[in-house]
Each structure stands twice: as C-alpha cells, then as structure tokens.
Ligand SMILES: Cc1ncc(C[n+]2csc(CCOP(=O)(O)OP(=O)(O)O)c2C)c(N)n1
Ligand SMILES: Cc1ncc(C[n+]2csc(CCOP(=O)(O)OP(=O)(O)O)c2C)c(N)n1
Ligand SMILES: [Mg+2]
Ligand SMILES: [Mg+2]
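Chains as they are written, first to last, in our numbering: chain U, 1 to 325; chain A, 1 to 325; chain Z, 1 to 403; chain B, 1 to 403.
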C-alpha cells in the first residue's frame, strides 16, 4: 500500500497494465516525453519505449480512428484525450465506430481492447472549455462502457478493469481530484468490477446518487443532513453505462427517496435516465419525486462557476425538500 | 392550399425563405444541381443561382464549420447533412461552437441565423447507418433548438420559423414520411411556433407523447385503445429543445398517465428527460409509472427492424399496462 | 530539429500553388491490350493473371445480376463496382493474403479475388441467418475475418485512420504485413483522411492508401470536390510517397501496388496511390445519374473498360479465348442465380441477434429487453413474420448463446 | 471536366513525395535591422511603422506583466505571445480594418494594433462585470465586435472552417473585405483545417490562412506533429497559393499579407501563409518547457527577437530612439499596472449572466433556474461571495434584461 493521489494511481495503473501485457500501448497529445499535460503518463515512454508510449499529432478524430484500428488489430490501446471538452471531434469515431464495431460485423471484428481516458469536470477555474462533463452523450450509445472513478483506489482498480474488459471503455477522470484526492492504493495488480455501483454509506431515509468528483459533494451534504437527523444512503454509480439498476432500485425501495447529482446540465443529463428508470421500478415505494441537482441548462461559466455547480448546499437543500415533500 | 408530401413542403419552405430574404443560402453534399439525394433542394440552384445553393465537398465538419462562420457574418445558412447518421463528424462544430457561440462571446457574435436540416429515423430498410434518431445527443446541449415536424403542414411552418428564429436550430426530418406523408400545405408564407407542443387529439385517460414519424404510431395505438374504451390524449412535442414542459404537465395532471415513445435507444433517450421532469411536476397525480416505448439499447438492425422499432402494438401494450397498473 | 528545408531565401513575395509540379500517370497496357512501347512486360504468371481476370469478371456478373434483382424488388439495395474492377482487383492481387484490407463499399472485387464464397456474398446481401454480419447492415456491407477484409462501415473515411492504427499494430507485431485502405475521391475530403495520412507519415506506418478517383461522389463531380490536380498532391503535405496510376489498367495498378507495398513493409513508409478511373454505373440502386452527367461522358469511359483491356492482353498471351470467356460468363451467371435463390429462402437471423454483440456478453438489461420483446412477439405473431415463426425452433435448438 | 493535369504518362512506377519542390522563405530584414541587399525597401509610412512597433512593444509589456500577475496568484491563467509579435502584428497591419480576424489565442497583438482598450484587455483577463464575454471564458479569450475580432474559442482549429464561411459571406456581400484566420502548426493537424482549405479553394473564398509555425504544440515538437517540409506544402493539395515567410521579420510578414490579401479580395482566391517563428515563452502559465526543450534552443531564437529587429530598423530610419523606447516602455508598464488594479476591483458579472445569451431570449426554464438559484444564494450568502453581495443592487438598478 502506498499513499497516492488520483493521478499517481492512474499512472500506476497504466504502468501495471503495460508491464503485464506488452500489447498495451498509450498515446495522445503530449503523452510521450512530457508525460501528458497532467502527467498521467509520466515515465511510461522511458520505461516502455517510444513505440508503446508516444505523442500523436493534434487531431482527436485521428487519435480515436487510429485507436480503433489498433484495437481491431489485437493491440490494447489506451488513448488519452487531453480534456473531455476536446473529445467531440472524435465523436463520430466513438459513436459510429467504436460503439458499433462488434455489432455491425456480427462479432467478426471488435475494438474491445480500447480504453479512452480523458479528464472531465469543473471546479478548477477552467471555464467554458475545460470543465464539461460529457458522460450523458456517451451514455446514450449502446456498445460503450462509461466509467468514472471517485478516488485513487477506485481509479487504479477500475482503470485496470477497463483496459482488460473485452468492451471499449470511456474512462472519465475527475480532474478536480487529480491532486486533491489522496489515499492508500495497493501496489499489486487488482481490478474493480465494471457495471456495479457501490454503496459508500448506508442509511435509511434517503438515497443519494452520483459519480466521480460529485461523490465528495454528496458526502458533505450527508454530513449536514445527518446533523438534522436525516440518515442518507450514498451510492457511487461508478459505471454510467451499462449502469447498475439493481443496486439503485434496492436502495430506493428501502429509503423511498432519491436525489441524483451531476455537474452536467440538467436537461438530458444522465440523472434523467436514472430518474426515469427508478420512478418506474420503485413507483409504489417513492415518498417524494426523485430530485436532480445538476449544473444549469447553460454552457459552463468561469467567474460564477461556484454558483453554477451543484455543491453540497444545493444537494442538502434537495435532501430537505425531498424529505419534507 | 396545395397537396404536398413532406419533401415538397420542405422544398417549398426553402423556396419561400430564399425568395423572401436573399441572405438565405442552402448548401450541403449533392444539394446543388442534383437537389439533394432526397431532392429537398430541387430547383433551388436554378432559381437562386450557384452562389446561394451549392454542393459542398464531402466533409460534414467543414459544412457546419463553414455554416457557423457564414451565420456569424450575418448570412442565413441552411446546411443539409445528408443523413443524421453522418452528423457526428460535425458534432464538435455543433456542440462546442454553434451552441456556445453567443454565450461565450457575451452576445458580441452569434450564429442565430443557422439552420441544420437532416433526415433521421428508421423504417426504410436503412439498417445500421441510415436509421438513427440522434435527437437526445443534441437535446443535452443548451444553446441549440431541436425541432421535428410530423407532417407537411408542420414541416413548412416549423422550418420557416427555424430559419428565422435568432437561435441556431437542428431541424430533424422524419425521412420515412418524406413521400409517405401527404397533406394540404398553404401556399403562403407562415410560421409555426418553436418551443410549443401541440395536442393533436384530446383524451382523458392517458397522455401519449412523441414527435416526428412516431406520431402516426401513437395515432394507430390510440385507435386500438379507443376500441377498448381507453381515451387517449396525444401530444406532438414538436420542439425537443427547449421543450414545452407546461403543455405536457397540464395534460398529465389531467390524465394521470403518460406513455412516451421514440425510435432511439431507451437509455439516455429524450423520453428519460421527459419522464424525469414529469414525475417531479406531477408526482401526486400520477396513477402509474411513466412508460417509455423506444428502440432497444442496441445499434440499429436491418433484417429485424420491425422487431426493433417501437410500433403501434408495443405502444398499445404500454397503454394497457399503464392503465392496468 | 528543423522541419523545413533550407530551400533558400527570397526577397520578394513568391507564391506557389503546386502547378509547378507535374504528377505523371503510370500506365502499362493500352486499351487494345498491347503494352505501351516503352513499358517493360510485367512479370506475371498465367495463374495469377487468370485469377485476377476471373475475379474482375465475376464482379461484373455479380453486379449485373444483383442490380437486376434489386430492380425486381428481390433486394433492398445494391452498389455496383462497374468500371472500377481493375483498380480493386489489381491492387488486391499485389498484396500478401495476410495483409489487411479496409475498404469503402465498392470493393467486392477484392473479396472475389481473395475467395469469398458466393454464398457468403448472397447471405450478406439478403441479411439472412448465415450472414456474417447477422443481418444488421445494408446489402454490400461485407466482411471476412479469415480473408482479412474488415467489415464495411457506411460512415465515409472512418476506415482510413483505422487503417493507420491497424498497420501500426502490424508494425509492432513485426510480421511483415501491411494494410491497404481503399476510398473514393469524395471520402478523401473528410477530416479523417487527413488525420490518417499525417499520423501514418509521422509514426511511419506500413499502410497503403488507395484512392479510387472515379470522378463522382454521388452527384458531385470531382471538380466540385476539390480544386487541385486530383488527390495525389495531398501526399506532399505529409512528405508521403505518392503515385498516380491508370486505374483501368489492371497490370499497372498491380505493379504500382506491389511497389507501394514493398515501401510500406520494408521501410515502414506509408504510400498514397491515386487510381484514375470512372464509376460507370449509378452511385447505387437509389441513384439515377442522368440528372447530373451526360451519356456521352459515360460512353467515352465505357470504351476504357478495364475488363476488356485485360481480356485483350490475356488473349494476346494466348491465355484466354472466346470460348473460355463464354463458358466463364455462363457458369458464373448460373451460379449467381442459384446462390441467390438459395439465400433468399434462408430464414432471417434469430431474434436474439438483436441484442448479441453489443457487448462481448449480453448485459442483464439487454437480456430483459429481449425477453420482453419475445413475449410481445408471441402475443402478436402475425405482425412479426420475420421472427415469430422461429421463436420455438430457436428454443428447441438452444440457439441462444447469451446470458 | 478533367481535374488532373495532362502531365504525361510514365511506364514504370514513379513515386514523388514533394521533396522535388522547394519552398523558399521570404525575408526582408536581417536581424541587425538592415534590409537584405537584394530586398526592395518596403513602402512604409512612419506612422504605420510606429503603430506596428508600439503594438508589438505593448504586447510584450502586457505579457510580461500579466504573467507576473499570474505568478503572484492575481490571475488564474495567462498565455504569452512572446517571440511571435512580428507575425501577428505584421499581418494585422496589412489588413483593412473592416477585415475579419479569427484567431487562436496567442494573437493579442492583433487587438493591440487595432486599438483594443487596455481596460478591455484587463476586464476580460479578470472576467469582471465589464468583460465583453461576461466572465464566461478563461483569460485571453478576447473578442471585439467593433474591431472585427471574433471571440476566441478554446477548441483548436474550429475557427478555420468558420473563417471560410465568414469570408464566403463577405464575398456574397461584395464589400471587398476578407477574413484572416490565424492558428498554430499544431492546430493545423485537426480535420477542420483541411476542411477549411479545401472548401475555400473549391468555393473561391477571400480568406487568408495564417499559420504561426512556432515549433511546438505545448510539448510536442513540430517534427512529431508532421513529417513534411512545414505546413506550406499542404496548400498544394488544394491548388492554393502559399507563401512561407520569416515570421520574426515584421516587414516581410506585412508585405506577404498585403499581397495575400490582394489575391483574396481581388480574385476571391484563398491564400496560405506559413510564418516561421518560435514560441519563446512557455505554452501557458500552466506549462514548464524545461521538460521538453533546451535552454540553448530557446536562446538561439531569443537572438532573432522580432521586436528588436524592427527597433533596429526604425532607429536606422531615424524614426525611433533610446529615449522614446524607454519612455514607451515605462508608460506602458505603468498603464498596465494601473489598469490591472482597477480591473481586479471591479465586481463580477451579475448573476443573471449565468443564463443570458444561451438563447437570444432567456427561456422560461432558464428564468426559473435562475430564480431558484437566487433564492438559494440568499439562503447561503456566505457561500457565494461573488454574487450574493450584489443581488439586491442588481434588482435596484433593474439590471436584468431577460424574461
Ligand atoms: C460521413 C458520410 N457522409 C455522407 C455519406 C453519404 N454518402 C454515401 S456514398 C457518398 C459519396 C462517396 O463518394 P466517393 O468517396 O467518391 O466514393 P464513390 O461512391 O465514388 O465510390 C456519400 C456522400 C456517408 N456515407 N458518410
Ligand atoms: C481540439 C483541441 N484539442 C486540444 C486542445 C488542448 N491544447 C490547447 S493549446 C494546444 C497546443 C496548440 O499548439 P499550436 O496550434 O501549435 O499553437 P501554439 O500554442 O504553438 O501557439 C493544445 C493541444 C485544444 N485546446 N483543443
Ligand atoms: Mg468517387
Ligand atoms: Mg505551435
């Protein structure tokens, strides 16, 4: 066990994966000598050579197109997109190609080896184009897995699982936590399950659900709520697609109340899917409407970022409103 | 008034818009001499010249990038993407640029003049890549308007409004209806309101909601239901973004039941947003869970298309299940 | 490290646009089947030559028959390769069978050359239960794992950067193989094309980019697609080797591809080939070219038929005769018809193919969606004639492999 | 219509890669400020020359000050143009003020030349209530409607096809104006770059594409970005006029741009300019170049400073002196400091700016979201120090314009 921050845990996972399987190849803008603008790929080129860890030209559609082909060939590409805000030029390669590769070929060809890593989310004074949370765009795309870790331990285990699962994975890294989240991370090689949510705190009155950097917001809100005598059950969804309907349903059947939070805008965000599914699965057990605490239905601002973001106070207010409904 | 099919109505709307304002410019792949692969732009080059109606090279990201710039300059571009399945190479230009142009510049610059037309949807033996319904991807993108007409009359009025509204509009045309939907269309210039749903049939027991080609599926389902004594209220959402929460809420407050249908996959489809919002607005009035009748959570198939699609029988079954809950 | 040449300095503004450079066209055979006087006779074995010719001829026959079938309403859609068989078969024949081919959609000749079975063609075209693609894609979206032919994907140009990536994997694997990717001059306008060439050039990848410049992208003529001297000069932007070849001269295409493959495999150098050809047929069964081009133009190209040109050459070699031609054509026609009839009758893919292959394993949610669909179909069997009759047979034979 | 040249036919495979062609570099001034012997003296009025020089100098001063402010924690982020002022200011000065500029992010010199106010710079950098962009984008994302400078957008290369479209609109409007779009050699790898050039060439659009080839894209050196002789040969792919110019020679950049503009405006011809320069500073305040390049390399380029070169030329003309230099630098430094202090103190944008400008009119849903947010902030005013103190003031002054 070593104390690591989230970036170090990711770097460690990549190192572990590359050491274990020489088909694992890491690339992206500035990923080579420099080790990535956040340094997630530090020292990998030194250790594994330029063939297995390298800079690409500045062209996201090319990076993912290349990665798709490489995965189809049998290699295990881990492509970095420098910021999730810059993943959209590759949207066609991801949505029309990555996600549909196996299906359209009747399983003759697949890109199951592919993992796309990209930092997402706000809270770092990144403004309009260094803050977006695009998970919902990909969650409407059957064939992809979408995974978000909440801390260093989760990051290593989920990333190793992502690299090794026979399905393509979009691995969204909460960049606000890159250096802020620190914790014990096992030295050994381990995987955490994809497609399974985790209950991080048990409670009885209300279920709080989120993923990634939003988990600590839930924790803070739950602390305040606890002081007012409200017992919160907290769930980290971890996999956005496919997602763990069962764990969430069971919790809501117990608590009768659900608050979901994400940074992305409200309309069409992934909380909508969860609310739609859970109102159906738990209809007779719901004591109050499922609440969503999210970003505004606007692009991401800079100066008033704090106002925009769904913080612990907004979540706490939603908890109260849900309890008092 | 003249009898027109949906394509003719669209052609007529473009003609009307170009005649009324010489800043209106139509372009896209095969849009010029040929008049588009579906012939939506027939004769426009002849009438308005090559400068105002022309072929572009085969590059969707370029078409929309060009259109964004042209709109910023003050022209009124109507760009065609040949199939909605091929809009994804332009996703960055639409989601990061079109949608955020006005906001990020503090209203110094905008692309409000822009309209993007594209045929969407299944039921034409188009298989994997000529059948997709991508509305939900765009509905999670504040700054865009997303509009879908259900018949020729609606198409002309909504398209004219889309071209003239000071916001950028994605105009999704149900290609299954291009020639199949025929109806009376006024000769004169008229607009139908954006952002407003329309109740196309009044009823008391249950609300059915959809848009575009799915409207006739609802109509058929409602006929069968009527025979079993179930009175259906039918709403055409018309604008997916921003959408008319009020009309839907009022209807559901009255009927207590809601079935939503779209062709796109279930998970993360726009029905999720509607269900999430309506369970919150109508919580105490809902007699049963909001039901979604949609495509499967898979890519679009070919041979088993009929099995995949949410047809009138599936909608009817959902109506019954909702009523009998 | 300097990335520009020390080409010298000028002191007044000097603009270039590439017109200074001329890209010649490589040709061996004249239309009458004789070699150009200066051309060296290509080293060609009889067997290879006949295999190439037969693949071209088969492609022509298949296209004619299937287009007719489409017109009869037996097939939903079709795309012909007519006029471009030389480009496609000639290049394929120059490859190692282990080389990967990533094509656009008009490259059925490559499969024909590599030995794709007639039933395999038909099962895809009819999307029946034997289709490798399980009836999920439109006709002509073939794929073959054993023949190293990537399943066709409709979104244009997406396969081009994928070819760069695939070939990078081949380089890492060190097996001396390369990837050939084929695309139209229209598709070459997509951003993906440029990404692919630039990355291949920077990363030194063994990939051959083959552009079929057939003059049209649906209705859009090449001169509205680009303003340059074809596609070839784009290679200069990446300091990539490029060759322009007469695409209707199958011997020249073959030789150019062989040379390109050598550069790719031996030096890890990507190469661009621009094959000048013409799409003699309509874009697809949905298209009618009379709206955008003249009969006269078509006729002029019909005279340059690549099949006829090769046939004349074969005859001059004494390797082919009228009788053989007649026999070959008749046999192929008959076989195609028979195979079509059989494929039409085969049943549709099993219902479960709707949800398999989305993920490596069917997810619980998809298994539920399938189960719900199945009971719905049982309720309304008449409405779903493609699946209802087979539900129980699938059950009985244990056809399902998910769960 | 044939789209390829009748360049002749060859009978053996002949590969080209562009090395056959040499792209010269256009230069006028030597580093000592004297003209190259063969160079004709550019026609330059004293006033224009000084305006250019002052804009360059101001940019340098602004960059130094603001980078220092960022280091002090007063500013969240900054990007310097150091070393590239000649490219940016020289090109801007060759335009008509009505011409549109669509830049990447390192082109503050263009605004300085066109007369963007010091307060306008500062208000954007501090995202305060006067910022034209209403505090929505990171520092250096300037925009000015009156100065025809499109608001900067972070996603790279997106402005390049937009420039093609904008210029097409200018052509339709027939006012004799053009668009200049500026971007790095890294951004030129994006698909959007190619789409832009191809469309401009086919549609004959009056746009000038200016590539600042400054050797790096963050840490990625140009030789890992492309394998060719710079960016210039890409123009050949589109039969577009191209010129390579010494980007640190402001006179040459000016003259090249003037010539390019003439081609664009008079013939509706797009032109590509590749300016060879060097990013002397770090990529941004978040970057440390010592991890990927040598001090020695930087020093070699520091000797080619474009500002120093022009200063020497001005002095040789007798248009500038040490005293003037000293005075100018001091004045500018002082002004920048004062403006910064004032901008720092200005209040943040009003809360309602969170929801305005998403659509032309605030939608009912957004008005509701704003109202909910406002009552939330009233409940927890301490948690939202940027907005809570101003809520009532906004009300009082009727600051809201939505609804
Ligand atoms: C991304 C994308 N855009 C548009 C289309 C529609 N489309 C199919 S084929 C075609 C023309 C392709 O022309 P070209 O590449 O020259 O190939 P050819 O048909 O001439 O063989 C178009 C526009 C598509 N399939 N994919
Ligand atoms: C689409 C996109 N991808 C990645 C980035 C992140 N990024 C910002 S600047 C930069 C390097 C740009 O280099 P270049 O174009 O050469 O301009 P320079 O910084 O040298 O002026 C990168 C990769 C971005 N802003 N947009
Ligand atoms: Mg073509
Ligand atoms: Mg650069």
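The beta-carbon is built from N, C-alpha and C at its ideal position, and this holds for glycine as well.
Contacts between residue 104/A and chain B, judged by CB atoms closer than 7 Å, involve 133, 136, 137, 151, 153 in chain order. With contacts defined by Cβ atoms closer than 7 Å, residue 248/B and residue 86/B form a contacting pair.
Taking CB atoms only, residue 109/U has no neighbour in chain A less than 7 Å away. In the structure shown, residue 211/B adopts extended strand secondary structure according to DSSP, grouped into three states. The beta carbon of residue 145/Z sits closer than 7 Å to some beta carbon of chain U. For residue 156/B, the distance from the CB to the nearest heavy atom of ligand 2 is below 6 Å. Listed in chain order, the positions of the region 107–135 of chain A with a beta carbon within less than 8 Å of a beta carbon of chain Z are 125, 126, 127, 128, 129, 130. At a cut-off of 6 Å, the beta-carbon of residue 187/Z counts as near ligand 1: some heavy atom of the ligand is closer than that.
Taking C-beta atoms as the reference points, residue 207/A and residue 255/A count as a pair closer than 7 Å. Chain B places a beta carbon closer than 7 Å to that of residue 66/A, counting this residue as a contact. Using a Cβ-Cβ cut-off of 7 Å, residue 219/B counts as an interface residue toward chain U, since at least one Cβ of chain U sits closer than that to its own. In chain order, 100, 177, 178, 179, 206 place their CB closer than 8 Å to the CB of residue 170/B, counting only its own chain and leaving out the 5 sequence neighbours on each side. Contact annotation: residue 187/Z and residue 157/Z have beta-carbon atoms nearer than 7 Å. The beta carbon of residue 239/Z falls within 7 Å of a beta carbon belonging to chain B, placing the residue at that interface.
Note on residue 257/B: 16 or more other CB atoms within 10 angstroms of its CB, so buried under the neighbour-count rule. Residues of the region 28–58 of chain A that bring their beta carbon within less than 7 Å of a beta carbon in chain Z comprise 29, 30, 33, 34, 37, 55, 57, 58, in sequence order.
Counting of Cβ neighbours within 10 angstroms places residue 310/Z among the buried residues, the total reaching 16 or more. Out of 111/A, 11/A, 176/A, the CA that lies nearest to the CA of residue 123/A is found in 176/A. Along the length of the region 108–140 of chain B, whole alpha helix (DSSP H) runs at least 4 residues long occupy 108–114, 118–126, reported in chain order.
With respect to the 7 Å criterion, residue 252/Z and residue 28/Z are classified as neighbours on the basis of their beta carbons.
Taking 9 Å as the upper bound on Cβ-Cβ separation, chain Z lies near residues 65, 66, 67, 68, 69, 70, 71, 72, 73, 74, 75, 77 of the region 65–88 of chain U.
Here the distance from the Cβ of residue 210/A to the nearest heavy atom of ligand 1 is not below 6 Å.
Around residue 97/A, the beta-carbon contacts reaching into chain B at under 8 Å are 153, 155, 158, 162. Contact check for residue 271/Z against residue 241/Z passes: the beta carbons are separated by less than 7 Å. For residue 217/B, the distance from the CB to the nearest heavy atom of ligand 4 is below 6 Å. The three-state reading of DSSP puts residue 234/A in strand, counting E and B together. Classified as exposed, residue 284/A has fewer than 16 neighbouring CB atoms from the shown chains inside 10 Å of its CB. Burial state of residue 317/Z is exposed, judged by a 10 Å Cβ sphere holding fewer than 16 other Cβ atoms. Residue side-chain check: residue 142/B keeps its Cβ at 6 Å or more from all non-hydrogen atoms of ligand 2. Within the region 220–253 of chain A, those residues whose Cβ lies closer than 9 Å to any Cβ of chain B are, in chain order, 242, 243, 245, 246.
For residue 142/U, the chain Z residues whose Cβ falls inside 9 Å of its Cβ are 358, 359, 366, in order along the chain. Under the DSSP assignment, residue 339/Z falls in the alpha helix (DSSP H) whose first and last residues are 322–345. Of all alpha-carbon atoms in 24/B, 64/B, 250/B, the one lying nearest the alpha-carbon of residue 313/B is that of 250/B. Residue 34/A sits close to residue 219/Z, with the two beta carbons spaced by under 7 Å. Taking each of 278/Z, 350/Z, 332/Z in turn and checking the Cα distance to residue 58/Z, the smallest one comes out for 332/Z. Judged by DSSP in its simplified three-state form, residue 300/U adopts coil rather than helix or strand.
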